[in-house]
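Sequence order for the protein chains is A and B. Per full-length UniProt numbering, the first sequence starts with residue 1, numbered consecutively. Per full-length UniProt numbering, the second sequence starts with residue 1, numbered consecutively. The beta carbon of each residue, even a glycine, is placed where N, CA and C say it ideally should be. None of these values were measured; they are calculated from a predicted model.
Protein chains: 2
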Amino acid sequence: MAKVAECDERSSRRRLPPGERRQQIVDGAVAFFAEVGLEGNTRDLAKRLGVTQSLLFNYFATKDDLIEAVYEQVYLNRLSPDWPTRLTDRSVSLRQRLLDFYTEYSTLIFQYEWMRIFMFSGLYGAQLNRRYLKHLGDVILRPLLGEIEFAARSDETPVMEDIWNLHGGIVYIGIRQHIYRMPCPDDPSEAISRAVDRFLLSFGIAPGD
Amino acid sequence: MAKVAECDERSSRRRLPPGERRQQIVDGAVAFFAEVGLEGNTRDLAKRLGVTQSLLFNYFATKDDLIEAVYEQVYLNRLSPDWPTRLTDRSVSLRQRLLDFYTEYSTLIFQYEWMRIFMFSGLYGAQLNRRYLKHLGDVILRPLLGEIEFAARSDETPVMEDIWNLHGGIVYIGIRQHIYRMPCPDDPSEAISRAVDRFLLSFGIAPGD
DNA sequence: CTTTTTATAGATCATTTGCTCAATAAGACT
DNA sequence: AGTCTTATTGAGCAAATGATCTATAAAAAG
């Protein structure tokens with residue numbers, strides 16, 4: 001075998017600043033684990049990244065540490081902190097607030113990586129998953145219940161389980177799309193607005209407010 | 001009836017008829033894989049069953065074969081064949097048909113093993129999962145759309161995506177309970193009936209019919 | 001009882017997989 | 001240029017894991 005590849009761009013090693021390389025690894029790991037599951041092996045991941053497997057352990061002491069970094073990357077900034085206030089801003093119609101939220105939220109979460117990492121981490125009982133759901137309930141859905149109670153014109157009073165039902169019906173679109181890989185509408189916004197309108201109507205809240 | 005069962009559980013070796021042993025392995029595998037995921041290893045499974053690991057391979061040529069048997073066991077008889085006719089039986093009020101279906105269906109699927117094996121198999125793209133969902137859409141939800149169209153009194157016409165929304169909102173209860181392990185109502189029937197009523201109301205269908 | 005059958009156990013193989021470490025070379029600095 | 005730092009590699013270890021094979025003993029048959 002002749003040692004030819006001295007300056008071959010593709011096969012020669014490329015040094016990156018540690019911060020950059022670390023981020024590259026995390027990004028690749030997110031895509032990789034989302035696809036094959038969290039038990040995907042580090043050799044395949046390294047191959048996909050175009051680096052050696054041992055390099056991964058230069059940036060993460062254990063595979064679990066890497067997965068933890070994947071979790072943090074994926075869960076980061078998924079719940080914008082300004083939604084609680086926007087959802088309770090009664091200068092905007094309740095319907096509009098709900099549409100704004102779920103339009104924005106669905107574009108954020110109806111993504112292959114998020115949906116699948118979220119589901120995997122949920123199945124394996126990851127703490128971040130539980131914390132996220134508790135947070136969602138506390139700062140989004142619970143205030144939402146209050147807003148709907150306030151706006152309700154029918155004799156029916158909403159309970160928390162109703163809000164989870166609205167939320168679940170919408171989230172289920174993303175589950176069908178990315179977990180089950182079923183054919184789904186390209187744009188879920190119509191399905192969302194119809195679900196929101198049905199929900200509000202049942203509490204006597206007309207589209208106007 | 002047989003007195004085989006009085007054998008000492010801790011005794012070194014217990015012979016079972018092959019059919020019985022096979023079923024015991026499949027049952028144990030369902031519980032085991034539901035808990036730890038489909039990558040759970042065969043040694044832990046054997047330990048839990050109280051048999052040697054090599055015995056598993058006497059009944060299943062490969063681990064994949066065992067998992068296939070797990071799938072079949074779990075997916076078997078989950079969709080009763082008489083629901084299509086019951087759901088379209090217009091001598092019963094539409095609301096009652098929906099309540100009957102989802103009450104029965106939720107007791108069938110809101111179970112730890114089913115929910116988790118279904119989700120794992122979905123994530124890994126199992127054929128049985130896709131076939132199940134297609135079947136569900138074809139023989140349950142599609143006819144349901146027809147029934148709601150027929151009974152609708154409002155100007156709104158339901159579309160398939162609305163039915164998936166109703167379905168998803170209900171199924172999400174089981175996902176919260178068994179995938180995310182969140183605190184959930186012990187009995188989901190009230191949440192279900194409220195969701196059904198909201199849905200019907202939005203199409204102008206009163207509880208009477 | 002003895003013999004036969006075969007379900008089961010125990011030892012073991014061949015890979016796979018997480019992880020380590022010394023050697024190497026890319027890029028920065030003089 | 002030459003030197004130094006360190007990001008990266010390649011070889012390899014130890015444990016885990018799917019799978020194999022033969023010896024064993026439980027239960028049935030004679």
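Scanning chain A for C-beta atoms nearer than 9 Å to the C-beta of B:E113 yields nothing, as the closest lies near 13 Å away. A Cβ of chain B is located within less than 8 Å of the beta carbon of A:G168. In this structure, B:I117 sits away from B:V171, with a CB-CB distance that is not shorter than 8 Å. Pairwise C-beta distances place the stretch 116-132 of chain B in contact with the stretch 73-82 of chain B, as three or more of them are shorter than 8 Å. Going by beta carbons, A:P207 and A:D197 fall inside the 8 Å limit. Boundaries of the alpha helix (DSSP H) around A:F101: 94-109. In the three-state reduction of the DSSP assignment, A:F120 falls in the helix class, which pools H, G and I.
In this structure, the beta-carbon distance from B:A61 to B:V26 does not fall below 8 Å.
Within the stretch 172-199 of chain A, the residues whose Cβ lies closer than 8 Å to any Cβ of chain B are, in chain order, Y172, I173, I175, R176, I179, Y180, R181, M182, P185, E190, A191, R194, A195, D197, R198, F199. Taking a Cβ-Cβ cut-off of 8 Å, B:G28 has no neighbours in chain A, whose nearest Cβ is about 19 Å from it. A:L94 is outside the set of residues whose beta carbon lies under 8 Å from a beta carbon in chain B.
With its beta carbon at least 8 Å from every one in chain A, B:F32 lies outside the interface. Of the other Cβ atoms in all chains shown, 16 or more fall within 10 Å of the Cβ of B:P158; this residue is therefore buried. In this structure, A:A151 and A:L94 form a Cβ contact; the two beta carbons are roughly 5 Å apart against a cut-off of 8 Å. Between A:E68 and chain B, the shortest Cβ-Cβ separation is not below 8 Å. Per the C-alpha coordinates, the member of A:Q177, A:H178, A:G50 positioned closest to A:R13 is A:G50.
Inter-residue distance for A:F32 and B:R15 is about 45 Å (C-alpha atoms, whole angstroms). Taking 8 Å as the CB threshold, B:N165 lines the interface with chain A. By the neighbour-count definition (other C-beta atoms within 10 Å, threshold 16), B:H135 is an exposed residue. Out of A:R97, A:G37, A:I175, A:D187, the CA that lies nearest to the CA of A:I140 is found in A:R97.
Nearest neighbour of B:Y124 by Cα position, chosen from B:L38, B:E190, B:D44, turns out to be B:L38. The Cβ neighbour count for B:Q177, taken over all protein chains shown within 10 Å, is at least 16; the residue is labelled buried.
Within chain A, G37 have C-beta atoms less than 8 Å from the C-beta of B:Y124, given in sequence order.
Taking all protein chains shown into account, B:L144 has 16 or more neighbouring C-beta atoms within 10 Å of its C-beta and is therefore buried. Residue A:F199 holds the alpha-carbon nearest to the alpha-carbon of A:D162 among A:F199, A:L99, A:I109, A:G174. By the neighbour-count definition (other C-beta atoms within 10 Å, threshold 16), A:L108 is an exposed residue. Within chain A, P185, A191 have C-beta atoms less than 7 Å from the C-beta of B:E161, given in sequence order.
B:T42: member of the alpha helix (DSSP H) spanning 42-49, first to last residue. Contact annotation: A:Q24 and A:T42 have beta-carbon atoms that are not nearer than 8 Å. Annotation for A:R86: the continuous alpha helix (DSSP H) segment containing it runs 83-87. Chain order gives the chain B residues near A:R116 as L123, where near means a beta carbon separation below 7 Å. Non-local beta-carbon contacts of A:F101 in its own chain, meaning distances under 8 Å to residues more than five positions away in sequence, involve W83, R86, L87, I140 in chain order.
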